[in-house]
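Numbering (our numbering), first residue to last: 397 to 633. Note that beta-carbon positions come from the ideal geometry of N, C-alpha and C, so glycine has one too. Before any comments, here is the structure.
Okay, structure coming up:
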């Protein structure tokens, strides 16, 4: 029984750990990867049930090491997918976030890179804007007194500091484009920053959009917040 419990808990753990890298390197489709999460929860639950049976009926076969390992593996297999499901329910099922919902910044150099993306480069539309206003009301156009040159430099450096891949910097139009690749699944999300020079003020807008998936689990909004914080930190130095 001890071997069975350990084996089932390990399988559950692998079912939630491996889908990300397997999708990232093109071994499985995204739907298959997500199916692994679901099965991981079921198998993790089965491991805990088997462990309870072992505790009640076969206590003599228990050992501290194998029991602890089984509990940890099963708990991770159950907790990780449930945490993602909880996050998905707490945010709108959208994947295109912008500080300007009337005239969102447009991708330029990134457009060819999204040629095969399931989500088009064009803005997702008014329904997405409506949901964003409700979920992320704090995301609005930023204004700065610093020069356009300083803002471009700070934005470029912020992109690099956050580990994004810098795709394009156009000083004439005030556009900075970059791509952020997530660690686990290798999802590629694109970012465009637009800096408009208007008299004594500069107006900055940021847009972040996923290439695949309907819901981003709040990642694009988090990315915009992180970029804003990094730009502000650099400007304050």
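Fill in: the stretch 486-500 contacting the stretch 547-565, beta-carbon criterion three pairs below 8 Å
no
Practice prompt. Closer than 8 Å by C-beta to residue 414: which residues in its own chain qualify, once you throw out the five before and the five after it? Chain order, please.
Written response: Taking the first residue of the chain shown as 1, we reach residue 414 at position 18. Excluding residues within five positions, the ones whose Cβ falls inside 8 Å are 432.
Discussion item. Let's test the definition: count the other Cβ atoms within 10 Å of the Cβ of residue 411 and tell me whether it reaches 16, buried, or not, exposed.
Written reply: Locating residue 411 in the chain shown gives position 15, where the first residue counts as 1. So residue 411 counts as buried.
Worksheet item: Roughly how many whole angstroms lie between the Cα atoms of residue 526 and residue 492?
Response: Here residue 526 refers to the residue found at position 130 of the chain shown. Here residue 492 refers to the residue found at position 96 of the chain shown. Their backbone Cα atoms lie some 12 Å apart in a straight line.
Worksheet entry | Opening and closing residue of the beta strand (DSSP E) in which residue 597 lies | Along the chain shown, one-based indexing puts residue 597 at 201. Per DSSP, residue 597 belongs to the beta strand (DSSP E) from 597-606.
Worksheet entry | Other residues of its chain near residue 409: CB distance less than 7 Å, five sequence neighbours each side excluded | Locating residue 409 in the chain shown gives position 13, where the first residue counts as 1. Here the set comprises 469, 472 and 473.
Discussion item. Taking the beta carbon of residue 586 as the centre, do at least 16 other beta carbons fall within 10 Å, making it buried, or is it exposed?
Written reply: Counting from one through the chain shown, the residue named residue 586 turns up at place 190. The residue in question, residue 586, is buried, as its Cβ has 16 or more Cβ neighbours within 10 Å.
Discussion item. Report the start-end ranges of each beta strand (DSSP E) in the stretch 471-544 that is 3 residues or longer and not cut off at the edges.
Written reply: 492-494 and 538-540
Worksheet item: How about residue 606 and residue 539: are their beta carbons less than 8 Å apart?
Response: One-based indexing of the chain shown puts residue 606 at position 210. One-based indexing of the chain shown puts residue 539 at position 143. No.
Worksheet entry | Straight-line Cα distance separating residue 510 from residue 577 | Here residue 577 corresponds to residue number 181 of the chain shown, with the count starting at 1. Here residue 510 corresponds to residue number 114 of the chain shown, with the count starting at 1. So the alpha carbons of these two residues sit roughly 13 Å apart.
Worksheet item: Looking at residue 547 and residue 603, is the spacing between their C-beta atoms short of 8 Å?
Response: Here residue 603 refers to the residue found at position 207 when the chain shown is read from its first residue. Here residue 547 refers to the residue found at position 151 when the chain shown is read from its first residue. No, Cβ-Cβ distance for residue 603 and residue 547 is not below 8 Å.
Worksheet item: Mind checking residue 616: buried by the 16 CB within 10 Å criterion, or exposed?
Response: Position 220 of the chain shown holds residue 616. That one is buried.
Item to complete: Please look up how many angstroms separate the CB atoms of residue 653 and residue 447, rounded, as I've assumed it's under 8 Å.
Response: No information on residue 653 is available, as it lies outside the stretch 397 to 633 that the chain covers here.
Worksheet item: Relative to the alpha-carbon of residue 429, which residue among 623, 589, 596 and 583 has its alpha-carbon at the smallest distance?
Response: For the purposes of this step, residue 429 is identified with residue 33 of the chain shown, where counting begins at 1. Minimum Cα distance to residue 429 is reached at 583.
Worksheet item: Taking Cβ positions, are residue 623 and residue 550 nearer each other than 8 Å?
Response: Working through the chain shown from its first residue, we reach residue 623 at position 227. Working through the chain shown from its first residue, we reach residue 550 at position 154. Not in contact: residue 623 and residue 550 (Cβ atoms no closer than 8 Å).
Practice prompt. Could you name the residues that DSSP lists as bridge partners for residue 590?
Written response: For the purposes of this step, residue 590 is taken as residue 194 along the chain shown, with counting starting at 1. Bridge partners of residue 590: 571 and 601.
Worksheet item: Closest to residue 609 by CA distance: which of 489, 401 and 629 is it?
Response: The residue labelled residue 609 in the question sits at position 213 within the chain shown. Ranking 489, 401 and 629 by Cα distance to residue 609 puts 489 first.
Discussion item. So, at 6 Å on beta carbons, what are the nonlocal neighbours of residue 611 in its own chain, with the 5 sequence-adjacent residues on each side left out?
Written reply: Here the question's residue 611 lines up with position 215 in the chain shown. Only 484 and 489 meet the Cβ criterion.
Discussion item. Which residue marks the beginning of the alpha helix (DSSP H) containing residue 412, and which one marks its end?
Written reply: Taking the chain shown and counting its residues from 1, one reaches residue 412 at position 16. Per DSSP, residue 412 belongs to the alpha helix (DSSP H) from 398-413.
Practice prompt. Look up residue 584 in the DSSP assignment and say whether it is helix, strand or coil.
Written response: The count along the chain shown starts at 1 and reaches residue 584 at position 188. In the displayed model, residue 584 falls within a strand according to three-state DSSP.
Discussion item. For the beta strand (DSSP E) containing residue 423, name the first residue and the last one.
Written reply: The residue labelled residue 423 in the question sits at position 27 within the chain shown. No beta strand (DSSP E) holds residue 423; DSSP gives it neither H nor E.
Item to complete: Please list, in chain order, all residues of the same chain as residue 517 whose beta carbon is under 6 Å from its beta carbon, the five residues on each side excluded.
Response: Within the chain shown, residue 517 is the residue found at index 121, counting from 1. For residue 517, where only same-chain residues beyond five positions count, the Cβ hits under 6 Å are 503, 507 and 510.
Worksheet item: Can you give the beta carbon distance from residue 439 to residue 407, rounded, assuming they're within the 8 Å contact cut?
Response: Walking along the chain shown from the start, residue 439 turns up at place 43. Walking along the chain shown from the start, residue 407 turns up at place 11. Contact holds; Cβ gap of about 6 Å.
Discussion item. Applying the 10 Å Cβ sphere with the 16-neighbour rule, what's the burial state of residue 519?
Written reply: Along the chain shown, one-based indexing puts residue 519 at 123. Label assigned to residue 519: buried.
Worksheet item: Which residues bound the beta strand (DSSP E) around residue 562?
Response: As a position in the chain shown, residue 562 is number 166, starting the count at 1. Residue 562 -> beta strand (DSSP E) spans 561-566.
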